[in-house]
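Colleague: Numbering (this note's numbering), first residue to last: 39 to 223. Quick one: the structure is below, and I'll ask about it shortly.
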């Protein structure tokens with residue numbers, strides 16, 4: 039229990055602490071993203087800047103960096119590029135600073151229940167996030183767009199379950215999105 043008047047007295051220090059913590063979290067996510075970008079996309083072996091700039095443009099064109107080929111029926115594999123999958127799994131599930139380590143009660147119980155509902159009962163589950171609201175909202179929008187086409191809806195559900203299963207098992211063997219899009223073919 040907090041003493042009366044405690045909050046106003048410490049508000050500047052708490053605000054600074056929260057701001058710094060948010061900055062550390064953003065920085066950690068950016069560092070992880072840079073690692074996976076370097077490892078998971080094909081870059082010029084000689085590291086020629088103009089060549090890499092063109093490669094980056096082609097990845098950004100029509101959100102190609104989010105896609106990874108097509109399935110057996112020729113449908114685009116949206117939001118499944120190994121860089122994105124690896125970043126999600128690493129950020130949420132790996133290491134002492136992973137979200138699962140910070141909020142173990144949520145991931146040990148609530149996420150499993152939500153996934154069981156999704157898989158076994160076909161229920162839709164809403165996951166909430168408030169720190170990266172814009173990027174998170176855009177990703178949810180892309181996922182919702184995928185849900186408008188039955189084949190992509192099924193693929194998206196399977197992908198979410200795969201991310202959690204791989205992350206919870208500790209495996210890393212998986213071979214800012216605002217304004218990007220998915221292919222509904």
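From the three backbone atoms N, C-alpha and C, an ideal C-beta is built for every residue, glycine too.
Look up residue 199 in the DSSP assignment and say whether it is helix, strand or coil.
Modeller: Note: residue 199 maps to helix in three-state DSSP.
Colleague: For the segment 108-116 against the segment 92-100, do three or more pairs of beta-carbon atoms, one drawn from each stretch, fall closer than 8 Å, so that the two count as touching?
Modeller: Segments in contact, no.
Colleague: I'd like to check one pair, residue 104 with residue 117: are the Cβ atoms closer than 8 Å?
Modeller: It is a contact, given that the beta carbons lie within the stated cut-off.
Colleague: Using 8 Å for Cβ pairs, my map puts residue 122 next to residue 183. What's the rounded Cβ distance?
Modeller: Contact flag wrong, Cβ pair sits at about 16 Å.
Colleague: Sort 127, 102, 120 by Cα distance to residue 67 and report the nearest one.
Modeller: It is 127 whose Cα lies nearest to the Cα of residue 67.
Colleague: Could you compute how far the alpha carbon of residue 177 sits from the alpha carbon of residue 220?
Modeller: So the two alpha carbons sit approximately 10 Å from each other.
Colleague: Who are the Cβ neighbours of residue 189 in its own chain at under 6 Å, not counting the five residues just before and after it?
Modeller: Result list for residue 189: 113, in chain order.
Colleague: Leaving out the 5 sequence neighbours to the left and right, which residues in its chain are closer than 6 Å to residue 89 when beta-carbon positions are compared?
Modeller: Cβ neighbours of residue 89 beyond the five flanking positions: 82.
Colleague: Quick one: give me the first and last residue of the alpha helix (DSSP H) that residue 221 is part of.
Modeller: Element bounds for residue 221: n/a, residue is neither H nor E.
Colleague: At what residues does the alpha helix (DSSP H) containing residue 128 begin and finish?
Modeller: Residues 120-131.
Colleague: Buried or exposed: where does residue 205 fall if 16 or more other Cβ atoms within 10 Å of its Cβ makes it buried?
Modeller: Buried, because 16 or more other Cβ atoms sit within 10 Å of the Cβ of residue 205.
Colleague: Grab me the residues of residue 136's own chain with a C-beta within less than 7 Å of its C-beta, minus the 5 sequence neighbours each way, in chain order.
Modeller: Once the five neighbours on either side are set aside, the close Cβ partners of residue 136 are 129, 130.
Colleague: Buried or exposed, going by whether 16 or more other CB atoms sit within 10 Å of the CB of residue 203?
Modeller: Classification of residue 203: exposed, given that the 10 Å Cβ count is below 16.
Colleague: Below 7 Å CB to CB, which residues in the same chain sit around residue 75 once its five sequence neighbours on both sides are set aside?
Modeller: Answer for residue 75: 121, listed in chain order.
Colleague: Start and end of the alpha helix (DSSP H) containing residue 89?
Modeller: 87-98 is the extent of the alpha helix (DSSP H) around residue 89.
Colleague: Opposite residue 108 in the DSSP bridges: which residues?
Modeller: Paired residues: 114.
Colleague: Beta-carbon within less than 7 Å of residue 15's beta-carbon, same chain only, minus the 5 sequence neighbours each way: which residues are those?
Modeller: What the structure shows of the chain is the stretch from 39 to 223, and residue 15 is not part of that stretch, so it cannot be assessed.
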